[in-house]
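Q: This structure is in structure tokens; I'll ask about it shortly.
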């Protein structure tokens, strides 16, 4: 019922706007308080409207205002939920703030962003399997495979040496690193499927 009520008011506004487009209006200055009937009437109505405590017609927020308010509320709730979520700490390194922007990712690159893939650490958390890296140095994480593992060192030979000193969160959105990471993960996946 309330929605229909505001829709009716909006319809009136739309009709007025249509009529205004078809009507030619000419404004002319008239000296105030000189007895001109239309001017005196307009002045009286303006004073009456200004003296009222409550306006006669009130419009609720527009559809655009409601959509914007809801989007802000949704983003706020989503951010709170993201901040308080116990899981996803790896992905939070890269996405500290939630956004409505659509991400276009790649099957292999999603594994970098989520740490879900053919990595020992992921299989350990899911299936209770041994999570150590075949190199024997540490847990097999995406960070370890891409930046530290001796087994995959040859794959990093073409990478700038400064990349190896950086945190993966500083590199992850850098296109050359992204391409290299995808290439390495394809090789890793292929090696796991053939072994």
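Numbering (UniProt numbering), first residue to last: 1 to 195. By construction, the Cβ of each residue, glycine as well, lies at the ideal position given by its N, Cα and C atoms. All figures in this text were calculated on a predicted structure; none of them were measured in a lab.
Does the Cβ of residue 144 have 16 or more other Cβ atoms within 10 Å, making it buried, or fewer, making it exposed?
A: By the 10 Å Cβ count, residue 144 comes out buried.
Q: Is residue 180 helix, strand or coil by DSSP?
A: If DSSP states are grouped into helix, strand and coil, residue 180 belongs with the helices.
Q: Check the C-beta distance from residue 146 over to residue 121 and give it rounded, since I have them as a contact under 8 Å.
A: Actually they do not touch by this definition, with Cβ atoms about 13 Å apart.
Q: From residue 158 to residue 187, what does the alpha carbon distance come to, in whole angstroms?
A: Taking the straight line joining both Cα atoms gives about 16 Å.
Q: Residue 139 bridges to which residues according to DSSP?
A: Its beta-bridge partners are 132.
Q: CB residue 166 to CB residue 109, shorter than 8 Å?
A: No, they are not a contact pair.
Q: Grouping DSSP H, G and I as helix and E and B as strand, with all else coil, what is residue 204?
A: What the structure shows of the chain is the stretch from 1 to 195, and residue 204 is not part of that stretch, so it cannot be assessed.
Q: Taking DSSP as the reference, what is the three-state secondary structure of residue 162?
A: Correct three-state label for residue 162: helix.
Q: To the nearest angstrom, how far is the alpha carbon of residue 4 from that of residue 11?
A: Residue confidence for residue 4 is low, a pLDDT of 48 falling below 50, so the modelled location carries little weight; the figure read from the coordinates is stated next. So the alpha carbons of these two residues sit roughly 10 Å apart.
Q: On the premise that residue 111 lies in contact with residue 193, defined as a C-beta separation below 8 Å, what is that separation, rounded to the nearest angstrom?
A: About 14 Å separates the two Cβ atoms, so there is no contact after all.
Q: Going residue by residue through the region 69 to 109, where are the continuous alpha helix (DSSP H) segments of at least 4 residues, counting only ones entirely within it?
A: Whole alpha helix (DSSP H) segments, 4+ residues: 89 to 92.
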